[in-house]
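J.:
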Amino acid sequence: MYSTLSQWNISKGTAIGIVAYIQGNTIGVMALNIQTGMKWGGYGTLVSGCTTTSSRSTAGNDFAGYSNTKAIVNALGNASNYAAGYCWNYGLAGQQWYLPGGGEVLAALSQKNVINPSIAAVGGVQMENYYNSLWRNIQTSTQYSSTNMWIYRYYFSRLDADYHKDYYANSDVTWMVRPFFQITK
């Protein structure tokens with residue numbers, strides 16, 4: 097089901113994702129593409145069952161993206177017009193995709209120099225850096241409060257929680273969503 101870049105070739109099938117992290121027996125796989133301009137959703141709603149923290153350290157260790165996303169979808173509905181719903185409905189290869197937790201995003205970004213060549217080799221969208229003309233922000237499923245969520249801000253190279261859940265785009269900010277799924281070794 098998965099292989100290294102040196103082992104993979106098109107004759108083995110179409111790639112649907114890239115290994116983003118390995119934690120114990122869990123392999124986190126991220127989608128090859130991103131979606132932009134989506135709100136987190138649920139402004140004013142504290143989603144029960146979703147990791148909620150005001151601590152940057154705790155948010156950065158949140159690998160509960162699957163259960164967070166499930167809780168968000170249960171609370172906000174199954175529509176695809178917001179980040180968690182979009183990821184939940186991504187639907188490639190029979191896997192259950194989800195919006196990653198803050199720790200999953202940080203784990204992937206820590207391997208950016210390995211992941212980007214792999215993404216490029218299979219025709220996906222590489223992880224951005226802050227040198228682009230627009231600020232790039234990756235949404236996570238980690239909740240800060242009933243009004244704010246944790247995002248990864250490339251410009252500052254860190255997780256931040258100073259944007260509210262229904263804010264998603266203006267002239268100088270782009271919100272990115274990249275679905276993940278998990279494989280158990």
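Residue numbers (the working numbering): 97 to 281. Ideal Cβ positions, reconstructed from N, Cα and C, are used throughout, including at glycine. Here the structure is a predicted model, which is why all the values come from computation and not from measurement.
Could you give the first and the last residue of the continuous beta strand (DSSP E) run that contains Asn-244?
T.: Where Asn-244 is concerned, the enclosing beta strand (DSSP E) stretches over 244-249.
J.: Over the uninterrupted beta strand (DSSP E) stretch that includes Val-125, give me the two end residues.
T.: 122-127 is the span of the beta strand (DSSP E), which, as asked, contains Val-125.
J.: Based on the DSSP secondary-structure assignment, which residues constitute the bridge partners of Val-115?
T.: Its beta-bridge partners are Val-125.
J.: Locate the beta strand (DSSP E) running through Thr-154, then write down its first and last residues.
T.: Not the beta strand (DSSP E): Thr-154 falls in the alpha helix (DSSP H), residues 152-155.
J.: Tell me whether the stretch 110-126 and the stretch 199-219 touch, counting them as touching only if at least three CB pairs, one residue from each stretch, are closer than 8 Å.
T.: Contact between the stretch 110-126 and the stretch 199-219 is present, because at least three Cβ pairs lie under 8 Å.
J.: Thinking Ser-237 and Pro-196 are a contact (beta carbons under 8 Å), I'd like their distance in whole angstroms, please.
T.: About 6 Å; that satisfies the 8 Å criterion.
J.: Please name the residue, chosen from Gly-173, Leu-255, Val-125, that lies closest to Gln-191 on a Cα-to-Cα basis.
T.: Cα-wise, what sits closest to Gln-191 is Val-125.
J.: Suppose you measure from the CA of Gln-207 to the CA of Gly-133; what does that come to, to the nearest Å?
T.: The alpha-carbon atoms of Gln-207 and Gly-133 are separated by roughly 25 Å.
J.: Checking 7 Å against the spacing of the C-beta atoms, do Asn-164 and Cys-183 come in under that value?
T.: The answer is no: Cβ separation not under 7 Å.
J.: Residue range of the beta strand (DSSP E) that Thr-280 falls in?
T.: First-last of the beta strand (DSSP E) with Thr-280: 276-280.
J.: DSSP three-state label for Ser-237, please.
T.: Of the three classes helix, strand and coil, the one that applies to Ser-237 here is strand, per DSSP.
J.: Would you give the residue range spanned by the alpha helix (DSSP H) that Asn-209 belongs to?
T.: Asn-209 -> alpha helix (DSSP H) spans 208-217.
J.: Express the C-alpha separation of Ile-123 and Ser-176 in angstroms, rounding to a whole number.
T.: Their Cα atoms are separated by approximately 25 Å.
J.: Give the straight-line distance between the Cα atoms of Gln-222 and Leu-142, rounded to the nearest whole angstrom.
T.: Going by the C-alpha atoms only, they are around 32 Å apart.
J.: By Cβ distance, which residues of its chain are closer than 8 Å to Ala-180, with the 5 residues on each side in sequence left out?
T.: Within the same chain, Ala-180 has close Cβ partners Trp-136, Gly-137, Asn-164, Thr-165, Ile-168, Val-169, Leu-172, Tyr-194, Leu-195, Ser-237.
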